[in-house]
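Reading through the structure tokens given below for one structure.
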Amino acid sequence: MTMQERLFDLKRIYEQIKKRPPSRSLGLLRNPFPPTGIAGTGEEATPFYPRQGYIKVLSEFVRSSLQGSDFCGLVVMGEYGSGKTSLLRHFAKEVASAQARGIPVGAVYVANPGTSFADVLQSMTRSIGQTVLAKYAWAHVINWLKVSPTDDRFSAVGLPVPPKDQLATLSDAHEFWALFHEQLDISREDIAGAVTSVMQQTLPDLGFAEGLSAIMLGDRSSASKTWSQLTKTLPPYSTKKPVPTERMASLMTVFKSNGVEHLFLLIDEVEDVVFYRMTKKLRDDFTATLRASIGEHGGNLSIALASNLPGWHLLVRGDASLEDRFKFRIELTELTSEEIHRLIGYYIKQAKAPASDVATRIFQGPVIDLLFKFRRRMPRPILTACHSLVENFWNLDHEPSPKEIEQFLTSD
Ligand SMILES: Nc1ncnc2c1ncn2[C@@H]1O[C@H](COP(=O)(O)OP(=O)(O)OP(=O)(O)O)[C@@H](O)[C@H]1O
Ligand SMILES: [Mg+2]
50 MTMQERLFDL
60 KRIYEQIKKR
70 PPSRSLGLLR
80 NPFPPTGIAG
90 TGEEATPFYP
100 RQGYIKVLSE
110 FVRSSLQGSD
120 FCGLVVMGEY
130 GSGKTSLLRH
140 FAKEVASAQA
150 RGIPVGAVYV
160 ANPGTSFADV
170 LQSMTRSIGQ
180 TVLAKYAWAH
190 VINWLKVSPT
200 DDRFSAVGLP
210 VPPKDQLATL
220 SDAHEFWALF
230 HEQLDISRED
240 IAGAVTSVMQ
250 QTLPDLGFAE
260 GLSAIMLGDR
270 SSASKTWSQL
280 TKTLPPYSTK
290 KPVPTERMAS
300 LMTVFKSNGV
310 EHLFLLIDEV
320 EDVVFYRMTK
330 KLRDDFTATL
340 RASIGEHGGN
350 LSIALASNLP
360 GWHLLVRGDA
370 SLEDRFKFRI
380 ELTELTSEEI
390 HRLIGYYIKQ
400 AKAPASDVAT
410 RIFQGPVIDL
420 LFKFRRRMPR
430 PILTACHSLV
440 ENFWNLDHEP
450 SPKEIEQFLT
460 SD
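Heads up, the sequence shown is in the working numbering, so the first residue is 50 and it goes up one at a time.
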């Protein structure tokens with residue numbers, strides 16, 4: 050996003066208010082390194098360094114996805130702090146920006162799938178959003194009534210048949226309301242009942258016909274309660290137990306009607322779930338739904354999973370039909386010293402004092418060699434070490450010597 054497109058530059062305002070004098074000893078305006086090394090907590094400013102090793106795999110994954118004949122799966126494997134979350138989030142950002150430029154794609158990032166596939170579906174629902182879903186449902190109801198405006202169809206849902214010419218031009222919720230409530234004097238309850246009944250008959254698999262009608266009719270308090278139930282737990286309103294694969298199909302229809310021809314579903318932290326929270330039964334259900342969704346929506350859906358290696362193996366254990374579908378693989382291995390150099394360079398660039406090359410000299414020289422020698426060579430330990438190093442030497446009255454840096458980096 051360029052400066053011109055921004056409403057305000059919050060980062061700059063923050064820095065003006067919380068200003069501390071730049072560090073002369075380090076040649077930095079601020080500390081650019083993340084303090085905790087958890088991706089996604091500090092936003093826009095976090096730089097992303099695309100590692101050479103996976104750029105090609107990612108574009109092949111996208112190409113193959115958009116060709117659309119077959120299901121495409123990607124697994125991102127890596128241990129703790131290796132950059133899985135940053136990669137998926139960055140991927141989601143790229144898709145969103147393509148979407149903003151008119152490409153019919155979309156991405157849903159699920160931070161942690163929970164213990165059943167239903168949780169993934171909640172995240173998808175949430176990402177569509179209440180307003181869009183209600184608009185979609187209204188259009189759906191109106192079309193259904195218009196397709197075959199027989200007496201039977203209307204009486205089955207408890208509505209009178211409106212004058213033909215008025216029905217023909219009906220196109221949105223406001224007009225529906227004006228016609229049935231204001232002109233034909235149908236009560237709010239009866240309209241809600243009709244909407245619910247249409248939804249149940251035609252889109253039962255969204256799983257929340259009654260809840261959705263509260264949202265559609267703009268009943269604020271019950272709408273917001275309903276929405277939080279819809280997106281958190283299993284829908285309480287459902288007349289039948291929602292079947293995950295059917296609900297997935299309905300959600301895919303909604304995405305499609307919103308111009309998303311291809312959906313990238315990005316599921317992070319898979320290991321957390323398969324290891325700590327899933328019983329064998331839950332795991333089997335999860336993989337069964339995953340497999341079914343892949344089979345049904347192959348051409349319009351791609352899934353990327355991020356997990357550590359044992360988590361991935363546990364998820365697909367003994368299931369070749371699932372494992373074979375995830376043919377794109379990225380393994381986030383330890384950084385080479387060249388990669389540490391580049392990674393740190395991306396951060397330094399954000400905060401380097403103009404006309405000073407101290408930061409470059411320090412961080413691109415002795416620091417890298419030391420980190421390479423003494424730290425686990427993954428982004429998190431490398432970046433958090435840089436963060437604490439900057440904090441430690443911020444107010445020093447001279448440029449820290451290689452000896453001082455070494456002492457600091459080897460002391461904790
Ligand atoms: N390619 C990259 N470019 C810039 N920063 C990165 C990159 N990869 C990782 N990082 C940074 O390293 C830290 C750890 O990365 P991240 O949280 O993505 O790892 P993770 O593999 O998801 O960890 P966990 O196993 O705890 O979920 C974060 O601060 C993140 O911003
Ligand atoms: Mg992560």
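Here a beta-carbon is modelled for each residue, glycine too, at the ideal position from N, C-alpha and C.
Practice item. Flag Lys195 as yes if its beta-carbon sits less than 8 Å from any beta-carbon of chain B, otherwise no. Key: The structure shown contains no chain B; it holds only a single protein chain.
Review point. Among all the DSSP beta bridges, which residues are the ones paired with Ser72?
Key: Residue 72 sits at position 23 when you count from the first residue of the sequence shown. Answer by DSSP bridge pairing, in chain order: Leu77.
Review point. According to DSSP, what are the bridge partners of Met248?
Key: Here residue 248 is taken as the residue at index 199 of the sequence shown, counted from 1. Met248 has no beta-bridge partner at all, per DSSP.
Practice item. Using the Cα positions of Leu170 and Met297, report the straight-line distance between them to the nearest angstrom. Key: By 1-based counting over the sequence shown, the position of residue 170 is 121. By 1-based counting over the sequence shown, the position of residue 297 is 248. Approximately 7 Å, taken between the alpha carbons.
**Study point:** Leu445 - partner residues in DSSP beta bridges
**Key:** Stepping through the sequence shown from its first residue, residue 445 is reached at position 396. Answer is none; Leu445 lacks a bridge partner.
Point to revise | Where Arg5 falls: helix, strand or coil (DSSP) | key: Given a span of 50 to 461 for the chain in the structure shown, any question on residue 5 remains unanswerable.
Review point. When the Cα atoms are used, what is the spatial distance from Ala353 to Leu445?
Key: As a working mapping, residue 353 is identified with position 304 in the sequence shown. As a working mapping, residue 445 is identified with position 396 in the sequence shown. Rounded to the nearest whole angstrom, the CA to CA distance from Ala353 to Leu445 is 46 Å.
Point to revise | Any 3 or more C-beta pairs closer than 8 Å across the segment 358–366 and the segment 395–404 | key: Touching, no.
Exercise for review: With DSSP as the reference, label Thr401 as helix, strand or coil.
Suggested key: Counted from its first residue, the sequence shown places residue 401 at position 352. Correcting the residue type first, residue 401 is Lys in the shown sequence and not Thr. Strand at Lys401.
Exercise for review: Confirm the yes/no value for this check: CB of Lys142, any heavy atom of ligand 2, distance under 7 Å.
Suggested key: What you label residue 142 is simply residue 93 of the sequence shown in a count that begins at 1. No, since every heavy atom of ligand 2 falls outside the 7 Å radius drawn around the Cβ of Lys142.
Point to revise | Nearest candidate by alpha-carbon position, reference Val124, set Gly117, Ser118, Thr134 | key: Taking the sequence shown and counting its residues from 1, one reaches residue 124 at position 75. Nearest in C-alpha terms to Val124, of all of Gly117, Ser118, Thr134, is Thr134.
Point to revise | Residue of Glu448, Ile417, Glu295 minimising C-alpha distance to Ser74 | key: The residue you call residue 74 lines up with position 25 of the sequence shown. Just measuring C-alpha positions, the residue of Glu448, Ile417, Glu295 sitting nearest Ser74 is Glu448.
Exercise for review: Can you tell me which of the three DSSP states Ile152 falls into?
Suggested key: Along the sequence shown, read from residue 1 onward, the residue named residue 152 stands at position 103. Coil at Ile152, not helix or strand.
Check your understanding: Given a threshold of 16 other Cβ atoms within 10 Å of its Cβ, counted over all protein chains shown, does Phe57 qualify as buried or as exposed?
Key -> If you number the sequence shown from 1, residue 57 lands on position 8. With fewer than 16 other Cβ atoms within 10 Å, it is exposed.
**Study point:** Within the segment 172–208, ranges of the alpha helix (DSSP H) (whole runs, at least 4 residues)
**Key:** Listed in chain order, they are 179–196, 200–205.
Check your understanding: When DSSP labels each residue in this structure, what does Met462 get in the three-state scheme?
Key -> No information on residue 462 is available, as it lies outside the stretch 50 to 461 that the chain covers here.
Exercise for review: Taking only the alpha-carbon atoms, compute the straight-line gap between Ser18 and Arg332 and give it to the nearest angstrom.
Suggested key: Because the chain is modelled from 50 through 461, residue 18 falls outside the range shown and cannot be assessed.
Practice item. Kindly indicate which three-state DSSP category Tyr129 falls into: helix, strand or coil? Key: One-based indexing of the sequence shown puts residue 129 at position 80. Coil, per DSSP.
Exercise for review: Please indicate yes or no: does the CB of Arg100 lie closer than 7 Å to some heavy atom of ligand 1?
Suggested key: Within the sequence shown, the letter at position 51 stands for residue 100. Arg100 Cβ: within cutoff of ligand 1.
Practice item. Would you check whether ligand 2 has a heavy atom nearer than 7 Å to the C-beta of Lys133? Key: For this step, residue 133 is matched to residue 84 along the sequence shown. Lys133: yes, Cβ under 7 Å from ligand 2.
Practice item. Would you decide whether Asp179 is buried or exposed? Buried here means 16 or more other CB atoms lie within 10 Å of its CB. Key: Locating residue 179 in the sequence shown gives position 130, counting from the first residue. Note that residue 179 is Gln in the sequence shown here, rather than Asp. Classification for Gln179: buried.
Exercise for review: Could you tell me whether the Cβ atoms of Ser76 and Ser450 are closer together than 8 Å?
Suggested key: Taking the first residue of the sequence shown as 1, we reach residue 76 at position 27. Taking the first residue of the sequence shown as 1, we reach residue 450 at position 401. According to the sequence shown, residue 76 is Gly rather than Ser. Not a contact, by the Cβ cut-off of 8 Å.
Review point. Residues in its own chain within less than 7 Å of Gln148 by CB, not counting five upstream and five downstream?
Key: Locating residue 148 in the sequence shown gives position 99, where the first residue counts as 1. The beta carbon of Gln148 lies closer than 7 Å to those of Val154, Gly155 in the same chain, with the five residues before and after it left out.
**Study point:** Where the alpha helix (DSSP H) containing Leu107 begins and where it ends
**Key:** Taking the first residue of the sequence shown as position 1, residue 107 is located at position 58. Run containing Leu107: 101–116, per the alpha helix (DSSP H) assignment.
Review point. Would you call Pro99 buried or exposed, if buried means 16 or more other Cβ atoms sit within 10 Å of its Cβ?
Key: Stepping through the sequence shown from its first residue, residue 99 is reached at position 50. Answer is exposed; the Cβ neighbour count stays below 16.
Exercise for review: Report buried or exposed for Pro403, applying the criterion of at least 16 other Cβ atoms within 10 angstroms of its Cβ.
Suggested key: Within the sequence shown, numbered from 1, the residue matching residue 403 stands at position 354. With fewer than 16 Cβ atoms within 10 Å of its Cβ, Pro403 is classed as exposed.
Practice item. Tell me whether the beta-carbon of Trp28 lies closer than 8 Å to the beta-carbon of Val247. Key: Because residue 28 is not part of the residues shown, which for the chain are 50 to 461, the question remains open.
**Study point:** Close Cβ partners of Ala160 (< 6 Å) along its chain, the five nearest in sequence each way excluded
**Key:** Reading the sequence shown from its first residue, position 111 is the one you call residue 160. Asp317.
Review point. In whole angstroms, what separates the C-alpha of Ile343 from that of Phe166?
Key: Position 294 of the sequence shown holds residue 343. Position 117 of the sequence shown holds residue 166. Looking at the two C-alpha atoms, the distance is approximately 13 Å.
Review point. Quick one, are the C-beta atoms of Ala434 and Pro81 less than 8 Å apart?
Key: For the purposes of this step, residue 434 is identified with residue 385 of the sequence shown, where counting begins at 1. For the purposes of this step, residue 81 is identified with residue 32 of the sequence shown, where counting begins at 1. No, these two residues do not count as a Cβ contact at 8 Å.
Practice item. Verify the contact flag: Arg429, CB atom, against every heavy atom of ligand 4, threshold strictly below 7 Å. Key: As far as ligands go, the structure on display features ligand 1 and ligand 2 and does not contain ligand 4.
Practice item. Using the Cα positions of Leu420 and Met427, report the straight-line distance between them to the nearest angstrom. Key: Locating residue 420 in the sequence shown gives position 371, counting from the first residue. Locating residue 427 in the sequence shown gives position 378, counting from the first residue. CA-CA distance, Leu420 to Met427, rounds to 10 Å.
Check your understanding: How close, in whole Å, do the beta carbons of Gly348 and Gly117 come, if the pair is a contact with beta carbons under 8 Å?
Key -> In the sequence shown, the residue the question calls residue 348 occupies position 299. In the sequence shown, the residue the question calls residue 117 occupies position 68. Here Gly348 really is in contact with Gly117; their C-beta atoms are around 4 Å apart, less than 8 Å.
Review point. Taking just the CA atoms, how far does Ser176 sit from Gln215?
Key: What you label residue 215 is simply residue 166 of the sequence shown in a count that begins at 1. What you label residue 176 is simply residue 127 of the sequence shown in a count that begins at 1. Roughly 35 Å separates the two Cα atoms.
**Study point:** Tyr158 (DSSP reduced to helix, strand or coil)
**Key:** Within the sequence shown, the letter at position 109 stands for residue 158. Residue state for Tyr158 is assigned as strand, using DSSP reduced to three classes.
Point to revise | Span of the alpha helix (DSSP H), counted from its first residue to its last, around Phe313 | key: To locate residue 313, count along the sequence shown from 1; it is residue 264. Unbroken run through Phe313 is the beta strand (DSSP E), 311–316; no alpha helix (DSSP H).
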